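Residue numbers (the numbering used here), protein chains in the order written: chain A, 20 to 129; chain B, 6 to 122.
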Amino acid sequence: KQEVTQIPAALSVPEGENLVLNCSFTDSAIYNLQWFRQDPGKGLTSLLLIQSSQREQTSGRLNASLDKSSGRSTLYIAASQPGDSATYLCAVSGGNQFYFGTGTSLTVIP
Amino acid sequence: GAVVSQHPSRVICKSGTSVKIECRSLDFQATTMFWYRQFPKQSLMLMATSNEGSKATYEQGVEKDKFLINHASLTLSTLTVTSAHPEDSSFYICSASNVDSNTGELFFGEGSRLTVL
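Dropping the structure here:
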């Protein structure tokens, strides 16, 4: 069974810093990998989707990379802002199954 | 991106009553929708996979008679928590992917906070 791990579980950085969130998975046979953001008491907002044939995706200050062979993905956030404070989750899909990591809780300090 | 709407966003009910939560894909069709439960400060726990026109597939440990799922159309799935008890209090979230898209991208509803008194 696919297992998804996110490190660190929590991260606190000063505003303006660049940061990297990590996601690792045990089975490299994935269909795609998706990064989400969740604000407290809210649903999940899709940030970036990387299909299995892709290496990275970019949206604004966010860049996500995928290395299937090593079972890793990173989410890079440039010039962090207090509004980026949230929990970030990665999910990998294999067919019709989606497996979620436990999330990284990010706090950006003004 | 595609929009998934959940209703109600919050519900408070008495123990023993049943509560229905709706999940709608507003601008796309979804043959499959997923229902999750989330406890405070924890990740999502998949409860069941809802398939349009057929019975839902429940994860191990999830009581199908307790959590009734109906997926009657390509845009609507409902979760009914029957005879709710305080331990059923939780945050319930649904998700769906666009049947016409080959990316498999998953879109989530806003979640429904259930409190059982």
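Idealized CB from N, CA, C, for every residue including glycine.
On a predicted model such as this, the values are computed, not experimentally measured, just so you know.
**Prompt:** What does DSSP give as the partner residues of residue 26 of chain B in its beta bridges?
**Reply:** Within the DSSP bridge table, the entry for residue 26 of chain B names B:84 as partners.
**Message:** So if DSSP puts residue 38 of chain B in a beta bridge, which residue, or which two residues, is it bridged to?
**Reply:** DSSP lists B:55 and B:101 as the beta-bridge partner residues of residue 38 of chain B.
**Asked** Nearest-angstrom Cα distance between residue 37 of chain A and residue 90 of chain B?
**Response** Distance between the alpha carbons of residue 37 of chain A and residue 90 of chain B: 45 Å.
**Asked** Under 8 Å between C-beta atoms, does residue 76 of chain A make it to chain B?
**Response** For residue 76 of chain A, the answer is no, since every Cβ of chain B falls outside 8 Å of its Cβ.
**Request:** In angstroms with no decimal places, state the Cα-to-Cα distance between residue 101 of chain A and residue 16 of chain B.
**Result:** Roughly 31 Å between the two C-alpha positions.
**Item:** Inter-residue Cα distance where the pair is residue 61 of chain B and residue 34 of chain A
**Value:** For residue 61 of chain B and residue 34 of chain A, the distance between alpha carbons rounds to 45 Å.
**Cβ contact (3+ pairs, closer than 8 Å) linking the region 34–45 of chain B and the region 16–25 of chain B** = Taking a contact to require three or more Cβ pairs closer than 8 Å, the region 34–45 of chain B and the region 16–25 of chain B do not qualify as touching.
**Asked** Quick one: any contact between the region 94–111 of chain B and the region 52–65 of chain A, if contact means 3 or more CB pairs under 8 Å?
**Response** With the cut-off at 8 Å, the region 94–111 of chain B and the region 52–65 of chain A touch.
**Prompt:** Does the Cβ of residue 87 of chain A have 16 or more other Cβ atoms within 10 Å, making it buried, or fewer, making it exposed?
**Reply:** It counts as buried.
**Prompt:** DSSP state of residue 68 of chain B, grouped into three classes?
**Reply:** In this structure, DSSP gives residue 68 of chain B a state outside helix and strand, which the three-state scheme calls coil.
**Asked** In or out: residue 105 of chain B buried (at least 16 other Cβ within 10 Å) or exposed?
**Response** Exposed, since its Cβ has fewer than 16 Cβ neighbours within 10 Å.
**Request:** With DSSP as the reference, please indicate the residues paired to residue 113 of chain A in a beta bridge.
**Result:** The partner list for residue 113 of chain A (beta bridge, DSSP) reads A:116.
**Bridge-paired residues (DSSP) for residue 10 of chain A** = Any property of residue 10 of chain A remains undetermined from this structure, which presents chain A solely from 20 to 129.
**Request:** Buried or exposed for residue 70 of chain B, please, with buried defined as at least 16 other CB atoms from any protein chain shown within 10 angstroms of its CB.
**Result:** Result: exposed.
**Message:** Buried or exposed, going by whether 16 or more other CB atoms sit within 10 Å of the CB of residue 26 of chain B?
**Reply:** With 16 or more Cβ atoms within 10 Å of its Cβ, residue 26 of chain B is classed as buried.
**Asked** Does any C-beta atom of chain B lie closer than 8 Å to the C-beta of residue 70 of chain A?
**Response** Taking 8 Å as the CB threshold, residue 70 of chain A lines the interface with chain B.
**Prompt:** How many angstroms separate the CA atom of residue 24 of chain A from the CA atom of residue 106 of chain A?
**Reply:** Answer to the nearest angstrom: the Cα atoms are 14 Å apart.
**Asked** Excluding sequence positions up to five away, which residues of its chain have a Cβ less than 6 Å from the Cβ of residue 74 of chain B?
**Response** Cβ within range, chain order: 53, 55, 61 and 84.
**Asked** Who are the neighbours of residue 58 of chain B on chain A, taking C-beta pairs under 8 Å?
**Response** What residue 58 of chain B touches in chain A: nothing, since even the nearest Cβ is about 15 Å away.
**Prompt:** Alpha carbon to alpha carbon, how far is residue 130 of chain A from residue 88 of chain B?
**Reply:** This structure gives no information on residue 130 of chain A, because the portion of chain A shown stretches from 20 to 129.
**Request:** Give the single residue among B:57, B:108, B:118 and B:103 whose Cα lies nearest to the Cα of residue 92 of chain B.
**Result:** When each option's Cα is compared against that of residue 92 of chain B, the closest is B:118.
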